[in-house]
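Peer 1:
Protein chains: 2
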Amino acid sequence: MAEAYVEALRGIVPDERLRVDLAERYSYSFDASFGEYLPDVVVRPDSDEEVSEIVKLANEYNVPVYPRGSATSLSGGPLPVHGGIVLDMSQFKHKLEIDKENMIAIVSPGVLTSDIHEAAAEYGLFYPPDPSSAHVSTIGGNILENSSGPKGLKYGTTKEYVIGMNVVTPTGERVRTGGRTVKNVTGFDLTRLIVGSEGMLGIVTEVTLRLIPEVKARKTMLATFETSVDCGRAITNVLSKGILPAAMEFMDNACIRAVEHFKPVGLPVDAGALLILEVDGHPYSVDDEMKEASEVCESAGAMTVEVAETEEQRANIWKSRKMVSPAVTEMGPTKISEDATVPRGKIPDMMERLAEIREKYNLNLVVFGHAGDGNLHPNIITDKRNTEEMKRAEDAVSEIFEAAVELGGTLSGEHGIGTLKAPYMVMEYGEAGVELMKTIKAAWDPNNILNPGKMFAENGQTKVELT
Amino acid sequence: MAEAYVEALRGIVPDERLRVDLAERYSYSFDASFGEYLPDVVVRPDSDEEVSEIVKLANEYNVPVYPRGSATSLSGGPLPVHGGIVLDMSQFKHKLEIDKENMIAIVSPGVLTSDIHEAAAEYGLFYPPDPSSAHVSTIGGNILENSSGPKGLKYGTTKEYVIGMNVVTPTGERVRTGGRTVKNVTGFDLTRLIVGSEGMLGIVTEVTLRLIPEVKARKTMLATFETSVDCGRAITNVLSKGILPAAMEFMDNACIRAVEHFKPVGLPVDAGALLILEVDGHPYSVDDEMKEASEVCESAGAMTVEVAETEEQRANIWKSRKMVSPAVTEMGPTKISEDATVPRGKIPDMMERLAEIREKYNLNLVVFGHAGDGNLHPNIITDKRNTEEMKRAEDAVSEIFEAAVELGGTLSGEHGIGTLKAPYMVMEYGEAGVELMKTIKAAWDPNNILNPGKMFAENGQTKVELT
Numbered sequence: 008m009a010e011a012y013v014e015a016l017r018g019i020v021p022d023e024r025l026r027v028d029l030a031e032r033y034s035y036s037f038d039a040s041f042g043e044y045l046p047d048v049v050v051r052p053d054s055d056e057e058v059s060e061i062v063k064l065a066n067e068y069n070v071p072v073y074p075r076g077s078a079t080s081l082s083g084g085p086l087p088v089h090g091g092i093v094l095d096m097s098q099f100k101h102k103l104e105i106d107k108e109n110m111i112a113i114v115s116p117g118v119l120t121s122d123i124h125e126a127a128a129e130y131g132l133f134y135p136p137d138p139s140s141a142h143v144s145t146i147g148g149n150i151l152e153n154s155s156g157p158k159g160l161k162y163g164t165t166k167e168y169v170i171g172m173n174v175v176t177p178t179g180e181r182v183r184t185g186g187r188t189v190k191n192v193t194g195f196d197l198t199r200l201i202v203g204s205e206g207m208l209g210i211v212t213e214v215t216l217r218l219i220p221e222v223k224a225r226k227t228m229l230a231t232f233e234t235s236v237d238c239g240r241a242i243t244n245v246l247s248k249g250i251l252p253a254a255m256e257f258m259d260n261a262c263i264r265a266v267e268h269f270k271p272v273g274l275p276v277d278a279g280a281l282l283i284l285e286v287d288g289h290p291y292s293v294d295d296e297m298k299e300a301s302e303v304c305e306s307a308g309a310m311t312v313e314v315a316e317t318e319e320q321r322a323n324i325w326k327s328r329k330m331v332s333p334a335v336t337e338m339g340p341t342k343i344s345e346d347a348t349v350p351r352g353k354i355p356d357m358m359e360r361l362a363e364i365r366e367k368y369n370l371n372l373v374v375f376g377h378a379g380d381g382n383l384h385p386n387i388i389t390d391k392r393n394t395e396e397m398k399r400a401e402d403a404v405s406e407i408f409e410a411a412v413e414l415g416g417t418l419s420g421e422h423g424i425g426t427l428k429a430p431y432m433v434m435e436y437g438e439a440g441v442e443l444m445k446t447i448k449a450a451w452d453p454n455n456i457l458n459p460g461k462m463f464a465e466n467g468q469t470k471v472e473l474t
Numbered sequence: 008m009a010e011a012y013v014e015a016l017r018g019i020v021p022d023e024r025l026r027v028d029l030a031e032r033y034s035y036s037f038d039a040s041f042g043e044y045l046p047d048v049v050v051r052p053d054s055d056e057e058v059s060e061i062v063k064l065a066n067e068y069n070v071p072v073y074p075r076g077s078a079t080s081l082s083g084g085p086l087p088v089h090g091g092i093v094l095d096m097s098q099f100k101h102k103l104e105i106d107k108e109n110m111i112a113i114v115s116p117g118v119l120t121s122d123i124h125e126a127a128a129e130y131g132l133f134y135p136p137d138p139s140s141a142h143v144s145t146i147g148g149n150i151l152e153n154s155s156g157p158k159g160l161k162y163g164t165t166k167e168y169v170i171g172m173n174v175v176t177p178t179g180e181r182v183r184t185g186g187r188t189v190k191n192v193t194g195f196d197l198t199r200l201i202v203g204s205e206g207m208l209g210i211v212t213e214v215t216l217r218l219i220p221e222v223k224a225r226k227t228m229l230a231t232f233e234t235s236v237d238c239g240r241a242i243t244n245v246l247s248k249g250i251l252p253a254a255m256e257f258m259d260n261a262c263i264r265a266v267e268h269f270k271p272v273g274l275p276v277d278a279g280a281l282l283i284l285e286v287d288g289h290p291y292s293v294d295d296e297m298k299e300a301s302e303v304c305e306s307a308g309a310m311t312v313e314v315a316e317t318e319e320q321r322a323n324i325w326k327s328r329k330m331v332s333p334a335v336t337e338m339g340p341t342k343i344s345e346d347a348t349v350p351r352g353k354i355p356d357m358m359e360r361l362a363e364i365r366e367k368y369n370l371n372l373v374v375f376g377h378a379g380d381g382n383l384h385p386n387i388i389t390d391k392r393n394t395e396e397m398k399r400a401e402d403a404v405s406e407i408f409e410a411a412v413e414l415g416g417t418l419s420g421e422h423g424i425g426t427l428k429a430p431y432m433v434m435e436y437g438e439a440g441v442e443l444m445k446t447i448k449a450a451w452d453p454n455n456i457l458n459p460g461k462m463f464a465e466n467g468q469t470k471v472e473l474t
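Note that the protein sequences, when read in sequence, are chains G and Z. Heads up, our numbering is the position in the first sequence plus 7, with the first residue counted as 1. Heads up, our numbering is the position in the second sequence plus 7, with the first residue counted as 1.
Okay, here's the thing in structure tokens:
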């Protein structure tokens, strides 16, 4: 069976872009989350036509298709859970055009997001979404997961910048959604439906991104607090002053200690919480807003407030934030990285719930994240060979999801649902809400070809399964 | 037949909110666009439960349901084209809560958009979308049409501010979409699918809007140009300087003359184009950016550049813009108000095409609009009793749509498709694209109950029909 359709695939893509050897298939069997699933074949299309023909053939042979960028997904987005075809889109990257006059970028899906940042900057333009994986992850992957990074509060998420796409539908049709204008209400908004659809509703083959003028100046501050409640109050008070920071990054005590243990940068290991706050905009306003933000932090009881005066000082502040990921990785072989998001005012409550969960399950749990938009990243460091601890981690993750939803938040701010959070969809949206989503999937993809096994729980799965 | 279901409706809503008399039905038979269609019955629900029960009953009796806010639609959105039930949502307006800490508003669908502006301002917050009908149109109508007004370029459209909704589905289920956080990637984005769906995919019964801190300062300029090409160059050059104005409103010569004829405010009637530019933000940056924008306009060959130094001067500048609508209305009994939108760099080409169309069809065509996002509002002033001129107007409107799409733009920037532009959907998105939309509609609304006869052309309609 597999042989027949693989043979047919050879009529669409040349041999050098079609691989069936075990080593190659194995290297496409995992992503940055959990589980390994061997596909039958890996193909690397490099045109709309090829993608369309592959998907049509997959429908004909009833074989699943798993689109994949750089596979940095933390929720299982690209995992080929039912085998079949992996569509490696990472080499589909010929186009990166900046249209300065209309302030848009037209980009192939395999282009790295950081390359878009650089290309835009050459024209004095700015593409704000900036997932921490931006230097390795593809724009196609970012779009299908709607992963966004620290600037969501001020600049919105990836979705707010995608204004048009070329898409291959689950039945292999080639369609154009949206256009080249910010304002567009012609028909249902398929663009925004497909952004964040985790590759289940279409494969993006070209995207039109809105850009904005480059930021003229930015200023960065690092403040430490005795407790995360103090830190939370500072965050709220800064916003109350009418300041909209470009970033407000939060780290808890465990995270601060992890960074200091990994590479001492002089962070106070006794601080309950740390806040990195950046304002950007016109040089005059940036100075004034930073002054005000510092005062707010001091009034909220900050232990220390340090405003970077030079570019070097600014880089140093961000270094402590960028060291979080390697520091956490060093703490143990397995990292469970969550992104439960709560309304900003509920951050202190969520921090309390996370502390309780850490204690109850006796786990190494550190918390950092994008405080401005309530997008926390609780990370559990464990070892997947330790099955007893992994069971506790599963229970802890379930409780994290429950806490986020109970506090009026959501399962996922930017990592997606994938395989990991599928059992919790009904908890957040109810049967009727999930049914509406399934209805769209079934209507567009009658043979369930595109990325099956994601978002909707299969086989009666009712809780997180990491093992 | 009608009697049976109307009788059943009486079991859901009390008599004072259910009307079958001809006078009442007649007053719900039109909107601000074209055509008159008499419904069987008008009901004014005021709870989710009632809306849900009405829709379930409509499915049972196979009767169409036409949700309606203030009926300011310019594309036929609320017209009851197949009779049935008009659901007047304008009295469903109990809730208007501002949550200052989380910077969100929670609002009932019948609340007027300008009331949200005022309520937010009381808390130092700002809701940027501002359709010119904001003081009479409901937030529910704004959301279902995604109408946005002048601030799209800097602040995005209505869609960018809707983060959660309570919705009654076309089969009468009550669901919650999105949530209270800006970042949310849990499942398909039903919120953004329903925003702009013209009431065909669901009836909004509560909405959660994201707010931003109030703008601290704004400054406004009026510049006039000999030609719209000069004006277009000024617009592009302002953006190239890294300035993102809150508004850039454009008027052509015919529009300037219309305003001056209506009420002389001292606009130069020989100017080819007029630009109202407003910057907002921090007081320091506003002064600096306005200085730079003025210089850009002068370099681009502006005839006059006038920066408002007082609030009174600022109000005067905006007065000339706000007089466009009454001035145009005075020019003739029938106004055809379009909103074809093109990539900003194509505004001069579009202006040229509009001048050709004006000449070819010998029509009174004035153009104004939101230049920053390419959202033009060509208005044809005519008299619907003059059937010969109306025929020419129909052809002219068709050519306007064709020109917009040919220039890489879209049929509608914010007015919606409704009855008026339905025949042109395929021109913009192709058969396959429109089919994807129809598939969602059919899957969610198997009996075609919610607002049927909109967006998708019926009965072989192939062009604009105004008569």
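From the three backbone atoms N, C-alpha and C, an ideal C-beta is built for every residue, glycine too.
1) Pick from G/Pro87, G/Ala347, G/Ile111, G/Gly159: whose alpha carbon is nearest that of G/Ser34?
2) Could you have a look at Z/Gly249 and say whether DSSP puts it in helix, strand or coil?
3) Counting only runs of 3+ residues fully inside the segment 276–310 of chain Z, write out the beta strand (DSSP E) ranges in chain order.
4) With a 10 Å radius around its C-beta and 16 neighbouring C-beta atoms as the bar for buried, classify Z/Asn466 as buried or exposed.
5) Compile a chain-ordered list of the residues in the segment 109–129 of chain G whose CB is closer than 8 Å to at least one CB of chain Z.
6) Can you give me the start and stop residues for the beta strand (DSSP E) that Z/Leu372 sits inside?
7) Could you please give me the residues that DSSP links to G/Tyr44 through a beta bridge?
8) What's the C-alpha gap between Z/Met228 and Z/Glu409?
9) With 8 Å set as the bound, which would you pick, yes or no: does the beta-carbon of G/Glu421 sit closer than that to a beta-carbon of chain Z?
10) If you draw a straight line from the alpha carbon of Z/Gly90 to that of Z/Val331, how long is it in whole angstroms?
11) Starting from Z/Asp259, follow its DSSP beta bridges and name the residues at the other end.
12) What are the residues of the segment 137–167 of chain G that lie near chain Z, defined by any Cβ-Cβ distance shorter than 9 Å?
13) So, with DSSP's three-state summary, where would you put Z/Leu160?
14) So, with DSSP's three-state summary, where would you put G/Met338?
15) Between G/Asp38 and G/Gly84, is the Cβ-Cβ spacing less than 8 Å?
16) Taking only beta-carbon atoms, is G/Pro220 less than 8 Å away from chain Z?
17) Can you find a CB in chain Z that lies within less than 8 Å of the CB of G/Ile424?
18) Are the beta-carbon atoms of Z/Thr389 and Z/Asn369 separated by less than 8 Å?
19) Quick check: what's the CA-CA separation for Z/Met310 versus Z/Glu233?
20) Is Z/Lys102 near the ligand MN, with its Cβ less than 7 Å from a heavy atom?
21) Could you give the distance in angstroms between the alpha-carbon of Z/Asn458 and the alpha-carbon of Z/Ile210?
22) Between Z/Tyr134 and chain G, is the shortest Cβ-Cβ distance under 8 Å, so that the two count as touching?
23) Report the three-state DSSP secondary structure of Z/Met434 (helix, strand or coil).
24) Quick one: what does DSSP say G/Phe269 is sitting in, helix, strand or coil?
25) First and last residue of the beta strand (DSSP E) that includes G/Ile61?
26) Considering just the uninterrupted stretch of the alpha helix (DSSP H) at Z/Tyr12, what are its terminal residues?
27) Interface residues of chain G around Z/Ala450 at Cβ under 8 Å?
28) Would you say Z/Tyr12 lies against chain G (beta-carbon separation less than 8 Å)?
29) At which residues does the alpha helix (DSSP H) containing G/Ile324 begin and terminate?
30) With DSSP as the reference, please indicate the residues paired to G/Pro385 in a beta bridge.
31) Name the residue from Z/Asn109, Z/His142, Z/Pro340, Z/Lys63 whose alpha carbon lies nearest to the alpha carbon of Z/His124.
32) Comparing the C-beta of G/Pro350 with each C-beta of chain Z, is any distance below 8 Å?
33) Under a Cβ-count criterion, where at least 16 other Cβ atoms within 10 Å of its own Cβ denotes burial, should Z/Lys367 be classed as buried or exposed?
34) Under 8 Å between C-beta atoms, does Z/Asp316 make it to chain G?
35) So is G/His289 buried or exposed if we call it buried at 16+ other beta carbons inside 10 Å?
36) Which chain G residues sit within Cβ distance under 8 Å of Z/Glu285?
Peer 2: Reading off the structure:
1) G/Pro87
2) coil
3) 280–288
4) exposed
5) Asn109, Met110, Ile111
6) From DSSP, the beta strand (DSSP E) with Z/Leu372 extends over 371–377.
7) In the DSSP output, where bridge partners are listed per residue, G/Tyr44 has none listed.
8) For Z/Met228 and Z/Glu409, the distance between alpha carbons rounds to 33 Å.
9) With 8 Å as the cut-off, G/Glu421 counts as an interface residue toward chain Z.
10) 34 Å
11) Answer is Z/Ala280.
12) Glu152, Asn153, Ser154, Ser155, Gly159, Leu160, Lys161, Gly163, Thr164, Lys166, Glu167
13) Per DSSP, reduced to three states, the secondary structure at Z/Leu160 is helical.
14) Assignment of G/Met338 by DSSP, reduced to helix, strand and coil, places it in the coil class.
15) yes
16) So, interface residue.
17) yes
18) no
19) Approximately 7 Å, taken between the alpha carbons.
20) The ligand MN is not part of the structure shown, which contains no ligands of any sort.
21) Looking at the backbone, the Cα of Z/Asn458 and that of Z/Ile210 are separated by about 10 Å.
22) no
23) If DSSP states are grouped into helix, strand and coil, Z/Met434 belongs with the helices.
24) If DSSP states are grouped into helix, strand and coil, G/Phe269 belongs with the helices.
25) Looking at the DSSP string, G/Ile61 is not in any beta strand (DSSP E); the run it does join, the alpha helix (DSSP H), is 55–68.
26) 9–16
27) Thr446, Ile447, Ala449, Ala450
28) no
29) 318–329
30) In DSSP, G/Pro385 forms a bridge with G/Val374.
31) Z/His142
32) yes
33) exposed
34) Here residue 316 of chain Z turns out to be Glu, not Asp, going by the sequence shown. No, Z/Glu316 does not count as interfacial toward chain G.
35) When all chains shown are included, G/His289 counts as buried.
36) Those within 8 Å of Z/Glu285 in chain G number zero; the least Cβ separation is about 16 Å.
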